[in-house]
Amino acid sequence: MTHEHDFADTGFLDTTDQSTAIDRAALDQLEAIAERYPVKRSALMPMLHFVQAIDKRVSPAGVEAIAKILEITEAQVQGVATFYTMYKRRPAGRHHIGVCTTALCAVMGGDLLLEQVEQTLGIAPGETTEDGMFSLEKVECNAACDFAPVMMVNWEFMDNMTPEKAEQLLDDLAKGRDVTSTRGPVLTSWADNERVLAGIPDGKANDGPSAGEPSLEGVKIATAKGWSGIPKGVRS
Ligand code: FES
Numbered sequence: 648m649t650h651e652h653d654f655a656d657t658g659f660l661d662t663t664d665q666s667t668a669i670d671r672a673a674l675d676q677l678e679a680i681a682e683r684y685p686v687k688r689s690a691l692m693p694m695l696h697f698v699q700a701i702d703k704r705v706s707p708a709g710v711e712a713i714a715k716i717l718e719i720t721e722a723q724v725q726g727v728a729t730f731y732t733m734y735k736r737r738p739a740g741r742h743h744i745g746v747c748t749t750a751l752c753a754v755m756g757g758d759l760l761l762e763q764v765e766q767t768l769g770i771a772p773g774e775t776t777e778d779g780m781f782s783l784e785k786v787e788c789n790a791a792c793d794f795a796p797v798m799m800v801n802w803e804f805m806d807n808m809t810p811e812k813a814e815q816l817l818d819d820l821a822k823g824r825d826v827t828s829t830r831g832p833v834l835t836s837w838a839d840n841e842r843v844l845a846g847i848p849d850g851k852a853n854d855g856p857s858a859g860e861p862s863l864e865g866v867k868i869a870t871a872k873g874w875s876g877i878p879k880g881v882r883s
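Take the sequence shown: its position 63, counted from the start at 1, is 710 in our numbering, and no numbers get skipped.
The following block contains the structure:
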């Protein structure tokens, strides 16, 4: 029996593509990120996000720069970059689309959603459109099951999606119209959000609702019934 997984994009980083846009200013920014942590090495993950903001992927030049600044080996940097699926081996598009097809989203239409996105963009998961506008991946549960099926755009939530809504959303993004995440800001680009993940705020952290109604429903029921998550014996 052959095991099929959703992480086709595994293995080593692509060293055949040596292109980079990392310049002196980017190196200074990487050093500034490292300086924020009492132990420099703790900056590895945000620094990888910053490399992606600049090079749209984890580039060989980015790996080299991080290793040098953190005084670790390139193999150690690559070990982290190839473990987490948020780090990309090939350039992502201006907008990176993730469609959740884990159990609950699948039951609620996630597979149909993915089919629609593949058809509209003309690409399969793991690919980027020729014009560099969109890239696509299948994502595992986003802990947003109460809004299933969900789609991510540049890591922002688009809740309760349908194939029709997805087609409209992709058309709006392709034509440069404003699209607002269901629980976040107006979408900008994947690279912009990679800068935020690197710890460089864009001032939009409080845009959109902090929690949606379905997520708050359980709290309301518990409050009405006087339930508490704290076991009786340990309540003060
Ligand atoms: S199964 Fe899709 S968010 Fe949980």
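For each residue, glycine too, the CB sits at the ideal point set by N, CA and C.
Per DSSP, cross-strand counterpart(s) of residue i
i: Thr827; result: Val833
i: Gly745; result: Glu784 and Met799
i: Thr776; result: Answer by DSSP bridge pairing: none, since Thr776 is not bridged.
i: Met805; result: Met798
The ligand FES heavy atom lying under 6 angstroms from the CB of residue i
i: Val797; result: yes
i: Ala813; result: no
i: Ala858; result: no
i: Leu751; result: yes
i: Ala700; result: no
i: Asn893; result: Summary: the structure shown does not reach residue 893, with the chain confined to residues 648 through 883, and so no result is reported for it.
Distance, residue j Cα to residue i Cα
i: Ile770; j: Gly740; result: 12 angstroms
i: Pro685; j: Leu816; result: 42 angstroms
i: Thr870; j: Ala700; result: 43 angstroms
i: Glu774; j: Leu660; result: 15 angstroms
i: Gln665; j: Lys703; result: 13 angstroms
i: Ser862; j: Phe697; result: 31 angstroms
i: Lys687; j: His743; result: 29 angstroms
i: Met648; j: Arg737; result: With a pLDDT of only 49 at Met648, under the threshold of 50, the placement of this residue in the model should not be trusted, and no figure is reported.
i: Gly709; j: Ile847; result: 18 angstroms
i: Glu811; j: Thr767; result: 11 angstroms
i: Ser883; j: Gly865; result: Residue placement at Ser883 cannot be trusted, given a pLDDT of 49 that sits under 50; what the coordinates show is reported in the next sentence. Spanning the two alpha carbons is a distance of roughly 23 angstroms.
i: Ile716; j: Gln763; result: 43 angstroms
i: Thr805; j: Ser875; result: According to the sequence as given, residue 805 is Met; it is not Thr. Taking the straight line from one Cα to the other gives about 31 angstroms.
i: Thr663; j: Glu860; result: 47 angstroms
i: Ala858; j: Phe794; result: 11 angstroms
i: Thr729; j: Asn807; result: 31 angstroms
i: Val705; j: Leu844; result: 14 angstroms
i: Leu962; j: Met694; result: Nothing can be reported for residue 962, as the shown portion of the chain is limited to 648 through 883.
i: Ile868; j: Cys792; result: 18 angstroms
Minimum Cβ-Cβ distance from residue i to chain C less than 7 angstroms
i: Ile847; result: The structure shown has no chain C; it contains just one protein chain.
Near the ligand SAM: residue i beta-carbon under 6 angstroms from a heavy atom
i: Glu682; result: Ligands in the displayed structure: the ligand FES; the ligand SAM is not one of them.
Evaluate contact between the stretch 795 to 809 and the stretch 831 to 849, counting only Cβ atoms and requiring at least three cross-stretch pairs below 8 angstroms.
-> Short answer: they touch.
Counting Cβ pairs, one atom from each stretch, are 3 or more of them under 8 angstroms apart for the stretch 672 to 690 and the stretch 820 to 834?
-> The stretch 672 to 690 vs the stretch 820 to 834: no contact.
Indicate whether the contact test is met: 3 or more Cβ pairs, each with one atom in the stretch 842 to 854 and one in the stretch 827 to 834, closer than 8 angstroms.
-> At 8 angstroms Cβ cutoff, the stretches touch.
Would the stretch 747 to 759 and the stretch 784 to 793 be scored as touching if the rule is three or more Cβ pairs under 8 angstroms?
-> Cβ pair count under 8 angstroms is three or more, so yes.
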